[in-house]
Structure formats: C-alpha cells, structure tokens
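Notes follow the structure.
In the numbering used here, the protein residues as written are 33 to 199.
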C-alpha cells in the first residue's frame, strides 16, 4: 500500500551524482572522521566528568573534616584554646593541634589526617585572640581558621573560618 500515491516518484529521488551508484572512498573517510570525532568528544566528556566527580568527593570529605574540627573547638573549654595575656604575642596567630589534649604552638604545626582514602592530607588549625574593647574579657573572641590540604595529584585546599567567644 502506497501512502503517498498521489505524488510523483520524481519528488522522492535524490540523485546527486547522476546515474553513478555506490559510495566513494572520500565519502567513507569523511563519515569515519565524523564518527571518530563524536566518539572522541564523548569519551573526553565522560573522562573529565569522572575526574571532577572524584575531585569534588575529596573536597566534600575535606570540608567535613574541617567542619568537625571547628565544632570540636567550639565545644572545647575556652581556657584550653584561648592563648591570651602573653604579651607581646597575645594578638599574633597561633596554631592548635589535638593529641591527648589541645596543644597551643606559636610555630606552624599541622596534623596529618586521612581524607577520603588520601592519607597524605594535612590539617592546619590557626587561631588568633582578638581583644575587642581592650577592657572587658567577655567581649573578646577567637578567630579560628581550619585549613585542610591534600594532593590528588595536584595540590588542593579548603578553608573554614569562624569566630568563637568566651562562655
């Protein structure tokens, strides 16, 4: 059964090369080139997509570790983490590490941690005592910055900062 029986057959003939039939080598090569470019582009799309997914999973895990450290410091006793009244270094940044208790260091000290199966990650916790009014200790606070660094294979880092006040 013909659907378009009322149209002439000449309308449906697309004969570009006249009466020559078959496919030339040039046409086949161009078709293969187009197919290769499409496959290559799709492969690169999936490769870089997977790479970014892995990178973001490491970043998310590092943010979680930094957030946990900040929450632990917020819950810690103020006198154990606030380095104050050590003139003239009272308002200089200092570094906090956690072992059996909180250790306050004036030199840069990093904790080695594991972030999302990366065992070479480093966590730096920097604090700075800020005397807000110079008279009353209840208005003073700590500016705490936690930075997590790792490499996979390029160096990456995330940083979180918060302010903690006395109880």
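For each residue, glycine too, the CB sits at the ideal point set by N, CA and C.
Just the Cα atoms here: how many angstroms apart are residue i and residue j?
{"i": "residue 137", "j": "residue 127", "result": "5 angstroms"}
{"i": "residue 63", "j": "residue 75", "result": "18 angstroms"}
{"i": "residue 196", "j": "residue 172", "result": "9 angstroms"}
{"i": "residue 104", "j": "residue 164", "result": "24 angstroms"}
{"i": "residue 162", "j": "residue 70", "result": "59 angstroms"}
{"i": "residue 58", "j": "residue 77", "result": "29 angstroms"}
{"i": "residue 66", "j": "residue 56", "result": "16 angstroms"}
{"i": "residue 80", "j": "residue 194", "result": "34 angstroms"}
{"i": "residue 106", "j": "residue 92", "result": "21 angstroms"}
{"i": "residue 167", "j": "residue 186", "result": "47 angstroms"}
{"i": "residue 99", "j": "residue 73", "result": "38 angstroms"}
{"i": "residue 115", "j": "residue 132", "result": "18 angstroms"}
{"i": "residue 68", "j": "residue 152", "result": "40 angstroms"}
I believe residue i touches residue j by the beta-carbon criterion, under 8 angstroms. Please report the beta-carbon distance rounded to the nearest angstrom.
{"i": "residue 148", "j": "residue 89", "result": "6 angstroms"}
{"i": "residue 125", "j": "residue 169", "result": "Contact doesn't hold; Cβ gap of about 19 angstroms is too wide."}
{"i": "residue 178", "j": "residue 102", "result": "6 angstroms"}
{"i": "residue 200", "j": "residue 111", "result": "This structure cannot settle anything about residue 200, because the visible part of the chain is limited to 33 through 199."}
{"i": "residue 85", "j": "residue 174", "result": "Contact flag wrong, Cβ pair sits at about 36 angstroms."}
Could you check what DSSP says for residue i in three-state terms: helix, strand or coil?
{"i": "residue 126", "result": "strand"}
{"i": "residue 177", "result": "strand"}
{"i": "residue 151", "result": "strand"}
{"i": "residue 96", "result": "helix"}
{"i": "residue 112", "result": "helix"}
{"i": "residue 183", "result": "strand"}
{"i": "residue 199", "result": "coil"}
With distances taken between CB atoms, is the gap from residue i to residue j smaller than 9 angstroms?
{"i": "residue 154", "j": "residue 181", "result": "yes"}
{"i": "residue 108", "j": "residue 134", "result": "yes"}
{"i": "residue 183", "j": "residue 156", "result": "no"}
{"i": "residue 188", "j": "residue 87", "result": "yes"}
{"i": "residue 158", "j": "residue 176", "result": "yes"}
Using the DSSP secondary-structure output, state which residues sit across from residue i in a beta bridge.
{"i": "residue 101", "result": "In DSSP, residue 101 forms no bridge with anything."}
{"i": "residue 14", "result": "Nothing about residue 14 can be reported from this structure: the residues present for the chain run from 33 to 199 only."}
For the ligand FMN, I want to know if residue i counts as a neighbour, meaning its beta carbon is within less than 8 angstroms of at least one of the ligand's heavy atoms.
{"i": "residue 70", "result": "The ligand FMN is absent from the structure shown, which contains no ligand whatsoever."}
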